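These notes are about the structure you will find just below.
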Amino acid sequence: MPSPYTSLSWQTCLLSLTFPLLALARSTLFEHATIVSYDEANGIPLVLRNSSLLITNDRIAAIFPTSSSDASNVTADFERIDATGDIIVPGFIDTHRHSWQTAQRTIAGNATLAEYITHWTNTTLLAEVYDGDVMYDSQLLGFLEAIDAGVTTIVDHASATWNEEVTRAAHRAHIDSGIRGIFAPQIGTKPGNFTLQAQFELWRELQVQSQEQSNLISMGLAYETFDIGASAEIEQVVEFIRNSNATALETHFVGGVDGNENSPSLLASLGLLNLSTPVIFIHSNSINPTDATLLRRFNHYISSAVGYEMSHGADLTRTIHISDQASLSVGTNYAQSGDLISQARLWLQRGRDQLYGPERANWRVPANNPISTNQAFLLATRSGGLALRRPELGVLQVGAKADIVVFDGTAPGLLGFDDPVAAIVMHSHVGQIKHVLIDGEWRKRDGRLVDEGVEQVRQRFVAASRRVQRFWTDLPRPVLEGQWLTGAPYSRIQQCDVVRGTGTGY
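If you count by mature numbering (1 follows the signal peptide of the UniProt record, and there is no 0), then the sequence shown holds residues -25 to -1, 1 to 481, one letter each, in order.
Structural data, given as structure tokens:
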């Protein structure tokens, strides 16, 4: 029987050749761990027990059995980490998040999508309370929350970029956080003198800053009105995308009564699917077979924010059919936790429920499980890297980027695990994450974020959050009557109350 390590490409044959050189570099060796790598031949996670993982600078340099002779070649110049009982997995990849909304956390636990669009994300209102300082602190704390939860890469859909000040602040927070990611400011019609050309000029400036100041951050773009925007604006945006060298383009594709008909079919008609820039279609609840075929043909992905979509009653029945071109996201952490494990778990159980349903409705008992935990794990890791066309992200393989997460396998909720993938997908939580490394650098160690300025960030964020939440508390919530933006009428939904009587639960 061949060794499972033979599928890890070339690490075993080059191990002895690289060690003399690696002694001069920054290196960390995790030993005696359970490592979840990836089996390219079979397309499934590859579990390696009692194994070692060597990081040198920003890359994974070797993976080998801890008990092998290779272990003796590691010199004392390496920092050795005893990972006995631990589970090492790739960093999680979130392909769509509005990190700026972190300061609004908890105020919209009972909101509707209509209220979210017309109220909580209304830039005219936001401009009254969000200045550059508030934007910076909200963004930065949001990124730190993500790192704490093992998210090592984020596509930050910066939708609250209504002027130059807040756009610069949001970008600076992304760089300062130490997270890997794509900063994607949303361009389009803005208030005041922040014209489309001014947005293009600022974008180019931030692109240069990203290249000069960080090897972790690149510039993407977001645009939301390919479907209903003015033709002259759309032409300018398309031309800019073609010449920008953006690392990702994001657009919301929801459809139905909610609007946002930015479908793959529409973008194909604009010539945007055959570019080198990966396009991420957010939500994609109205996707059809033609759209799915285009995604596969041109290799673009959707981003499913399952928890957020379920909270607003979105139709999730179609996206299961394009899971091979899907990735996961939190969407916004103003209304839910910022970890991606929860989203993977929700996606898995929601998908199982959908596929089981027709059989049970026909009085048949399912004899097999339609979706394995492996699939949820891969969506949260490898699929995110593929969505960004970064195959070196989201996997633990030699040559891959050293973005890793270490779970404490001795924690009560994980102790005794046999299947580490099931342990992470079904049983883990943020409190069990011991270590997080991004680009080979420690970001969380022994359960604590390592940035020396974290306490100052916390203090500033509390002040910013109180300011923002006081603003919204003092502002009357909108009365949703008549018609929604698409012309669809509003309706009142029957409410559920777990207490007997005539109450509504509110």
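All residues carry an ideal CB built from backbone N, CA and C; glycine is no exception.
Here the structure is a predicted model, which is why all the values come from computation and not from measurement.
Considering only L455, N337, Q470, the residue with the shortest C-alpha distance to A463 is L455. The beta-bridge partner set that DSSP reports for W417 consists of L412. DSSP links A37 through a beta bridge to L29.
Runs of beta strand (DSSP E) with 3 or more residues, each lying fully within the segment 181 to 253, are found at 192 to 194, 224 to 228, listed in chain order. Across the structure, I68 and R475 are spaced so that their CA atoms are roughly 43 Å apart. The beta carbon of V232 is closer than 8 Å to those of W459, T461, A463 in its chain, skipping five residues each way along the sequence.
The beta carbon of S302 lies closer than 6 Å to those of T70, Y276, S278, S358, G359, A362 in the same chain, with the five residues before and after it left out. Judged by DSSP in its simplified three-state form, F392 adopts coil rather than helix or strand. In chain order, V281, G282 place their CB closer than 6 Å to the CB of L321, counting only its own chain and leaving out the 5 sequence neighbours on each side. Here T477 is exposed, its C-beta having fewer than 16 other C-beta atoms within 10 Å. In the DSSP annotation of this structure, the continuous segment of the alpha helix (DSSP H) that includes D151 starts and ends at 139 to 152. Note on geometry: alpha-carbon atoms of E430 and P341 lie some 51 Å from one another. Per DSSP, reduced to three states, the secondary structure at F169 is coil, with no helix or strand assignment. Here DSSP, grouped into helix, strand and coil, assigns L21 to strand.
Around the beta carbon of T448, a 10 Å sphere encloses fewer than 16 other beta carbons of the protein chains shown; the residue is thus reported as exposed.
Residue environment for A336: exposed (fewer than 16 other C-beta atoms within 10 angstroms of its C-beta). Around the beta carbon of H146, 16 or more other beta carbons sit within 10 angstroms, so the residue counts as buried. For L303, the uninterrupted beta strand (DSSP E) segment begins and ends at 301 to 303.
Distances from the CA of Q79 to each of P65, G66, N97 were compared; the closest alpha carbon is that of N97.
Sixteen is the threshold: when 16 or more other Cβ atoms of the shown chains lie within 10 Å of the Cβ of Q174, as they do, the residue is buried.
The three-state secondary structure of F67, taken from DSSP, is strand. Fewer than three pairs of CB atoms, one per stretch, sit closer than 8 Å, so the segment 323 to 338 makes no contact with the segment 409 to 417.
The beta carbon of F201 sits closer than 7 Å to the beta carbons of I209, T226, N237, L241, L242, L245 from its chain, once the five residues preceding and following it are set aside; these are given in chain order. The closest CA to that of V109, considering only I399, A398, F446, is found on F446.
The beta-carbon distance between G117 and S74, rounded to whole angstroms, is 4 Å. This is short enough to meet the 8 Å contact definition.
Setting aside the 5 residues that flank it on each side, R155 is surrounded in the same chain by T127, T128, L191, D378, I413, D414, each with a C-beta closer than 7 Å to its C-beta; the list follows chain order. In this chain, I122 is not harboured by any beta strand (DSSP E); it is covered by the alpha helix (DSSP H) spanning 107 to 123.
Annotation: V213 to L247 spans about 7 Å, alpha carbon to alpha carbon. Between the beta-carbon of N349 and that of I19 there is about 5 Å, and that keeps the pair under the 8 Å contact cut.
Around the beta carbon of L450, fewer than 16 other beta carbons sit within 10 angstroms, so the residue counts as exposed.
C-alpha of V141 to C-alpha of A58: approximately 42 Å in a straight line.
Between L115 and V432, the C-beta spacing is below 9 Å. Put simply, the backbone Cα of N32 is about 13 Å away from that of V373. By the beta-carbon neighbour count (other beta carbons within 10 angstroms, threshold 16), E54 is exposed.
Residue state for L455 is assigned as coil, using DSSP reduced to three classes. CA-to-CA, the gap between V370 and L353 works out to about 9 Å.
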